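Here is the structure we will look at, set down as structure tokens.
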Amino acid sequence: MADHPTTARVLVASNRGPVSFGSAEDGSLTLRRGGGGLVSGLSAIDDPNAVWVCAALGAADREAVRRSPQGRLDRGGFDVGGQAVRMLDIDPEVFDHAYNGVANSTLWFLHHLLYDTPTAPVFDAAAAEHWRAFEAYNRAFAEALAAEAAPGAAVLVQDYHLTLVPALLRELRPDLRIGYFLHIPWAPVDYFRLLPDALATAVLTGVLGADRAGFHTRRWAEAFADCCERVLDAKIISGAGPGSELSVSYQGRTTRLGVHALGADADFLLERAHRPDVEERLATLRAAVGDRRTIVRVDRTELSKNIVRGLQAYQHLLRSRPEWRGRVVHIAFAYPSRQDLAEYREYTAAVLRISQEITEEFATDSWQPLILQVEDDFARSLAAYRLADVALVNPIRDGMNLVAKEVPVVSDAGCALVLSREAGAYPELAEDALGINPYDVVGTAEALHRALNMPAAERHERTARLATAATALSPQQWFLAQLAELSD
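Residue numbers for the sequence shown follow the working numbering, so the first one is 452 and each next one is one higher.
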């Protein structure tokens, strides 16, 4: 236990924290604050003793931890924006095995249905070593939370990296109120059973250590319940009527399942999208596009985002609908993701190949059909959002997909949304989006054609309704709703 008072009544745990560090040339540490729903959500808590527990992600983070008592950055002289942050210096090899070997190469692939099953997964001796590291990594979080939490505190554990934490924390501190939220999909039971039985049981019972487990959609909550019923022989309790709350009863404990569809942060997006750096990038994009229509996508080069098929659909559009040649530009921002994994390096190479094919096949001296950029630039993304006539969001499978919600909020003149029915956001946005099967390249091309032909008035009306649906549950409300449900 820590030697400082355990006064935290609310705690958040996530792999990535609200701040990160870099090293300057003179050896000093530079601090960068993060963004996103969790950061916005935590700001809604009126509790000066709330603590965020996260992992050190690099050498500079670990150096900051060493300079801070018990890893508490707020007590180590760092300006972390008034937040209390405990950063964990987990052994780099353990972290790598847990993060890359299990979280990103096993659980992510499992829940997004990404395995090439004739050859993967393979649960061999190396996989067993990675799993032991994953257990150690989760245990480090559980122990830190147990040390920081006041009696009866509420702990909100975030995402698949920390799947085992609720049960481990329950063993250490049965007095705590523990919530878990999964930001990605949950695999259907037949696919979930790709895991060895012991690992499948550990994953499920890890989550069931929580008093309440949250998901972005009812579909993911039901998939989790189905896995509990068929793998653990747990009892599923459902209230009367469609959409009623589900609960899982197992070994004398009951875990309630909740659905909280995270929305876009409208106030932040609208303010950020009109800063000078965005205006500058918007002017550059407008100069490149001219008076042509635009199809915009903004993603990480993540396997589940389906960028290659999206580009193939654009290629088919230009082949099958020659009237769009010279009249449309596809702006595709595909930011690097997990390039330490071979599958992701290969996927990024495939994105570049199909992009080159499109350019070679269709480009003219006066028309560049595709603007592809593979580096991170948030201001440029917001500029593309504002410029978009059509937004293409076609993931194979996605827990939510905030891009689908952000574009309608930021769009200057209205934007038609072409949206995969496998995105978690789809049920909320389906009425005003053009839904697609993400595997159907021809169907996606036809949806792009419809979207480009959509009358301006209809596009504007749809965008307004999409923006309303997209902001129904702000990050602050999303966070507080989970906290309130945990307090019931």
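C-beta: ideal position from N, C-alpha, C; glycine also.
Here the structure is a predicted model, which is why all the values come from computation and not from measurement.
Rounded to whole angstroms, Leu823 and Cys505 show a C-alpha spacing of 34 Å. A Cβ-Cβ distance of about 18 Å is found for the pair Gly552 and Leu539, leaving them out of contact under the 8 Å criterion. Gly690 is classed as exposed because its beta carbon has fewer than 16 other beta carbons within 10 Å across all chains shown.
With respect to the C-alpha of Ser832, the residue from Tyr701, Tyr588, Ala598 and Val854 having the closest C-alpha is Val854.
Under the three-state reduction of DSSP, Asp567 is assigned to coil, being neither helix nor strand.
Using a C-beta cut-off of 8 Å, the stretch 876-887 makes no contact with the stretch 807-826, since fewer than three inter-stretch Cβ pairs fall below that distance. Under the Cβ criterion (8 Å, minimum of three pairs), the stretch 588-600 does not count as touching the stretch 870-884. Taking the Cβ atoms as the reference, Arg778 lies roughly 6 Å from Arg743, within the contact range of under 8 Å.
In the structure shown, Val869 adopts extended strand secondary structure according to DSSP, grouped into three states. Residue ranges of uninterrupted beta strand (DSSP E) with 3 or more members, entirely inside the stretch 827-903 and ordered along the chain, are 841-844, 867-871 and 885-887. Contact check for Gly630 against Arg669 fails: the beta carbons are separated by 7 Å or more.
Between Cys678 and Val699, the gap from beta carbon to beta carbon reaches 7 Å or more.
The Cβ neighbour count for Gly532, taken over all protein chains shown within 10 Å, is under 16; the residue is labelled exposed. For secondary structure counted as the alpha helix (DSSP H) over 4 or more consecutive residues, the stretch 547-595 holds these complete runs in sequence order: 559-562. If you look at Pro602, you'll find it isn't in any alpha helix (DSSP H); it sits in the beta strand (DSSP E) that goes Ala600 to Gln609. Ala907 has its alpha-carbon roughly 16 Å from the corresponding atom of Val861. Note on the stretch 721-802: whole beta strand (DSSP E) runs with a minimum of 3 residues are 744-751 and 779-786, in chain order. Within the same chain, and ignoring the five residues on either side of Ala618 in sequence, the residues whose Cβ sits closer than 6 Å to its Cβ are Thr656, Gly657 and Gly660. According to DSSP, residue pairing for Cys678 in a beta bridge does not occur. Where Ala507 is concerned, there is no enclosing alpha helix (DSSP H), because DSSP gives it neither an H nor an E.
Boundaries of the beta strand (DSSP E) harbouring Ser700: Leu697 to Tyr701, taken from the DSSP string. Only residues of its own chain outside the window of five on either side were considered, and among them Gly527 have a CB closer than 6 Å to the CB of Arg518, listed in chain order. Residue burial is scored here from C-beta neighbours: Ala712 has at least 16 other C-beta atoms within 10 angstroms and is therefore classed as buried. Ranked by Cα distance from Phe784, the options Ala734, Thr815, Arg772 and Ala842 are led by Ala842.
Assignment of Gln534 by DSSP, reduced to helix, strand and coil, places it in the coil class. By the Cβ-count criterion, Gln766 is buried, with 16 or more other Cβ atoms from all chains shown falling within 10 Å of its own Cβ. Rounded to whole angstroms, Asp547 and Pro878 show a C-alpha spacing of 36 Å.
Rounded to whole angstroms, the separation of the alpha carbons of Glu730 and Val710 is 37 Å. Val536 sits away from Gly473, with the two beta carbons spaced by 7 Å or more. Straight-line spacing of the CA atoms in Ala764 and Ser771 works out to 10 Å.
Cβ contact annotation for Val516 (same chain, cutoff 6 Å, sequence separation greater than five): Ala507, Gly522, Met538 and Asp540, in chain order. For Ser471, the beta-bridge partners assigned by DSSP are Arg483. Scanning its chain for C-beta atoms nearer than 8 Å, with the 5 sequence neighbours on each side dropped, one finds around Arg628 the residues Gly603, Ala604, Ala605, Val606, Asp662, Leu937 and Ser938, in chain order. Sequence-distant Cβ neighbours of Ile688 in its own chain, meaning closer than 8 Å and more than five residues away, are Leu697, Ser698, Val699, Ser700 and Thr705. Per DSSP, the continuous alpha helix (DSSP H) segment holding Val658 begins and ends at Asp648 to Val658. Phe643: member of the alpha helix (DSSP H) spanning Val640 to Phe643, first to last residue.
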